[in-house]
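Asker:
Residue numbers (our numbering): 1205 to 1782.
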């Protein structure tokens, strides 16, 4: 009787529509007496043969951990549920074996790691720390805490004075890789002043605080570190705040610097950049020297594709400028703490393939407005103007076309300063903009949309965005979350894996999905289709932030996952992918 109650009495098919060739097959809300509002969705699984979708919820009480699995057929109708209980005091191995995605390895894990800091004298300190991770049952992950132990001062080779530019961590080997600048010996300033802006070296520190010096990289003119990026997949980069060399190489861009300090060694060619690729062993895997078509190139981010073989770098640029005159860089010669409030003139995209430069393409910002595209029902386009834009998502298609999605914003200066001297700004987030470049870096279209919701929560939170490509590679589906407000629940922000502080909120972002289709060949888009409303248009269901949606393995459908506002009903919807 309970199953009949679950499957029929409260299963609520909201609507089935076809709009702009985007078909929402069904949206169904399922109530389960077994679903607890303080449980969390730990995993989602889809079987390509049976077309069964399984949701795995985890609940922890005082004495046991409860795993509840709900299964749904190809039409998202409820099939059955399975409840399994484990006492993790003596059944943890069974739980992990049956639920391989379950991250629990004990209530408390203790390791020792190496932290790198500078003291008040400017001396570099390697400090051994005890890394204590306590499992939080409310959302299924570990919260770190650090206790400092032994420390040792680090000096350069032969006692050289050094300057720390950055450090990277290899979680597997527990080694730190430092990028250092080699300072001149005391008293030798005439011909070697600010040498640490021209002479760089890699240094490896192991878990026993033992050091091993690596290659020296020298330049005739002063350089700043204008960009550092991890060459890992988007998902891995999102889930880790660390530059973890065990997950992928690190790319570093050194660019000429303009400064009153060290002017004798200033380059007259700001367009000449050098990229170093550092591997897991802390060695230089490749060095790429390149000339940027527009010299003052602020590289904002990168995206990796083709199983790591291709890397795309992108960002705005201003001709005739040095990068450090536009945005903060890592250098002892300049102290700029904020990006200069200017209107850039160009936008550059570069492709590195198999550690070789393939191309750099430069687009005039006037072309963004000329190639603006909006949904058919929207008249005005919120164009990219070279500033006040934050990138939130990147995607490379099977044919090598690049999408860069983000959001426009404005800032309000609070007349307060961060510890690094930069101003504390209050951000107000506005319209969504997405760039579409062809496989040579030429701008194909700029898509701009105005969100339906413009409440205080939508203004203060970045809008979730996702892209999915169909099997044929001629269409992509743009999904963004309309932010309605906040709901009760636990949410982790900036869950740092190695260092830093977690921010834990008792409220979750409340948003629902809306979807539009983009024709890759034509560079055109359709209107957005919202999901999760009832027949009267009132929003009934909202996206689960941990598992918002996924594409089926046969690339035929998008399946959306969520709950009602209280978290007492499970909601699923599917949409055909053409």
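The beta carbon of each residue, even a glycine, is placed where N, CA and C say it ideally should be.
Here the structure is a predicted model, which means the values were calculated and not measured.
Alpha helix (DSSP H) containing residue 1570: first to last residue?
Answerer: Position 366 of the chain shown holds residue 1570. Looking at the DSSP string, the run of the alpha helix (DSSP H) that includes residue 1570 is 1570 to 1574.
Asker: Return the chain-ordered list of same chain residues with a C-beta closer than 6 angstroms to the C-beta of residue 1430, the five sequence neighbours on each side being excluded.
Answerer: Stepping through the chain shown from its first residue, residue 1430 is reached at position 226. 1457, 1459, 1527 and 1533, listed in sequence order.
Asker: Going by DSSP, what residue range makes up the alpha helix (DSSP H) through residue 1298?
Answerer: For the purposes of this step, residue 1298 is taken as residue 94 along the chain shown, with counting starting at 1. Start and end: 1296 to 1302.
Asker: Determine the extent of the alpha helix (DSSP H) in which residue 1664 is found, giving its start and end residues.
Answerer: Start at 1 with the first residue of the chain shown, and residue 1664 comes out as number 460. Here the alpha helix (DSSP H) through residue 1664 covers 1660 to 1664.
Asker: Between the alpha carbons of residue 1349 and residue 1371, how many angstroms are there, rounded?
Answerer: The sequence position of residue 1349 within the chain shown is 145, counting from 1. The sequence position of residue 1371 within the chain shown is 167, counting from 1. So the alpha carbons of these two residues sit roughly 20 angstroms apart.
Asker: What do you get for residue 1386, buried or exposed, if any count of 16 or more other CB atoms within 10 angstroms of its CB means buried?
Answerer: Here residue 1386 refers to the residue found at position 182 of the chain shown. By the neighbour-count rule (16 or more Cβ atoms within 10 Å), residue 1386 is buried.
Asker: Give me the Cα-Cα distance between residue 1543 and residue 1529, rounded to the nearest whole angstrom.
Answerer: Working through the chain shown from its first residue, we reach residue 1543 at position 339. Working through the chain shown from its first residue, we reach residue 1529 at position 325. Distance between the alpha carbons of residue 1543 and residue 1529 is about 9 angstroms.
Asker: Helix, strand or coil for residue 1247 per DSSP?
Answerer: Within the chain shown, residue 1247 is the residue found at index 43, counting from 1. Three-state result, residue 1247: strand.
Asker: Leaving out five residues on either side along the sequence, give the residues of the same chain with a beta carbon under 7 angstroms from the beta carbon of residue 1465.
Answerer: Position 261 of the chain shown, counting from 1, holds the residue named residue 1465. If we look at residue 1465 and ignore the five residues flanking it on each side, its Cβ neighbours are 1398 and 1537.
Asker: Check whether the region 1626 to 1634 touches the region 1551 to 1565, taking contact to mean three or more Cβ pairs, one atom from each stretch, closer than 8 angstroms.
Answerer: Taking 8 angstroms as the limit for Cβ pairs, the verdict is that the region 1551 to 1565 does not touch the region 1626 to 1634.
Asker: Along the chain, where does the beta strand (DSSP E) that runs through residue 1506 open and close?
Answerer: For the purposes of this step, residue 1506 is taken as residue 302 along the chain shown, with counting starting at 1. That run of the beta strand (DSSP E) goes 1505 to 1509.
Asker: If you pair each beta-carbon of the region 1593 to 1613 with each one of the region 1506 to 1519, do three or more pairs fall below 8 angstroms?
Answerer: Taking 8 angstroms as the limit for Cβ pairs, the verdict is that the region 1506 to 1519 does touch the region 1593 to 1613.
Asker: What residues in its chain sit with their C-beta under 6 angstroms from that of residue 1274, if we drop five residues either side in the sequence?
Answerer: Within the chain shown, the letter at position 70 stands for residue 1274. Excluding positions up to five away in sequence, the list reads 1259 and 1285.
Asker: Looking at residue 1781: is its Cβ nearer than 8 angstroms to the Cβ of residue 1681?
Answerer: Translated into the one-based positions of the chain shown, residue 1781 becomes position 577. Translated into the one-based positions of the chain shown, residue 1681 becomes position 477. For residue 1781 and residue 1681, yes; Cβs fall inside 8 angstroms.
Asker: With DSSP collapsed to three states, give me the class of residue 1464.
Answerer: Numbered from 1 along the chain shown, position 260 holds the residue referred to as residue 1464. Note: residue 1464 maps to coil in three-state DSSP.
Asker: For residue 1338, which residues of its own chain have a beta-carbon under 6 angstroms away from its beta-carbon, when the five flanking residues on both sides are left out?
Answerer: Along the chain shown, one-based indexing puts residue 1338 at 134. Same-chain partners within the cutoff: 1312 and 1347.
Asker: Skipping 5 residues on each side, what residues in its chain have a beta carbon closer than 6 angstroms to that of residue 1174?
Answerer: Summary: the structure shown does not reach residue 1174, with the chain confined to residues 1205 through 1782, and so no result is reported for it.
Asker: Relative to the C-alpha of residue 1647, which residue among 1721, 1590 and 1572 is closest?
Answerer: Counting from one through the chain shown, the residue named residue 1647 turns up at place 443. For residue 1647, the nearest C-alpha among the options comes from 1572.
Asker: Please determine if the region 1709 to 1727 and the region 1581 to 1600 are in contact, where contact requires at least 3 C-beta pairs separated by less than 8 angstroms.
Answerer: Cβ pair count under 8 angstroms is below three, so no.
Asker: Along the chain, which unbroken stretches of the beta strand (DSSP E) at least 3 residues long are found entirely within the region 1594 to 1626?
Answerer: Whole beta strand (DSSP E) segments, 3+ residues: 1606 to 1621.
Asker: According to DSSP, is residue 1702 part of a helix, a strand, or is it coil?
Answerer: Here residue 1702 refers to the residue found at position 498 when the chain shown is read from its first residue. A caution first: residue 1702 carries a pLDDT of 32, below 50, which makes its placement in the model too unreliable to give a value.
Asker: Residues bridged to residue 1539 by DSSP?
Answerer: Looking up residue 1539 in the chain shown gives position 335. Bridge partners of residue 1539: none, in fact.
Asker: Going by C-alpha distance, which of 1232, 1447 and 1272 is nearest residue 1246?
Answerer: Residue mapping note: residue 1246 aligns to position 42 of the chain shown, counting from 1. For residue 1246, the nearest C-alpha among the options comes from 1272.
Asker: Looking at the strands, I want to know which residues DSSP matches up with residue 1517.
Answerer: In the chain shown, residue 1517 corresponds to position 313, counting from 1. DSSP, once it has assigned bridges, lists 1506 and 1554 as partnering residue 1517.
Asker: Once DSSP output is grouped into helix, strand and coil, what is the label at residue 1650?
Answerer: If you number the chain shown from 1, residue 1650 lands on position 446. Three-state DSSP puts residue 1650 in a strand.
Asker: Take residue 1689 as the anchor and find which of 1668, 1503, 1662 and 1670 has the nearest alpha-carbon.
Answerer: Taking the first residue of the chain shown as 1, we reach residue 1689 at position 485. Ranking 1668, 1503, 1662 and 1670 by Cα distance to residue 1689 puts 1662 first.
Asker: Can you grab the Cα-Cα spacing for the pair residue 1584 / residue 1654, in whole Å?
Answerer: In the chain shown, the residue the question calls residue 1584 occupies position 380. In the chain shown, the residue the question calls residue 1654 occupies position 450. Whole-angstrom Cα-Cα distance: 9 angstroms.
Asker: Confirm the yes/no value for this check: CB of residue 1673, any heavy atom of the ligand COA, distance under 7 angstroms.
Answerer: Judged by which ligands are present, the structure shown has none, so any question about the ligand COA falls away.
Asker: Are the CB atoms of residue 1358 and residue 1406 within a distance shorter than 8 angstroms?
Answerer: The sequence position of residue 1406 within the chain shown is 202, counting from 1. The sequence position of residue 1358 within the chain shown is 154, counting from 1. Contact: no.
Asker: Taking just the CA atoms, how far does residue 1659 sit from residue 1235?
Answerer: Residue 1235 sits at position 31 when you count from the first residue of the chain shown. Residue 1659 sits at position 455 when you count from the first residue of the chain shown. If you take the alpha carbons of residue 1235 and residue 1659, they lie about 30 angstroms apart.
Asker: Is the region 1578 to 1596 touching the region 1610 to 1618 in the sense that three or more CB pairs, one from each, lie closer than 8 angstroms?
Answerer: Because the criterion of three Cβ pairs below 8 angstroms is met, the region 1610 to 1618 and the region 1578 to 1596 touch.
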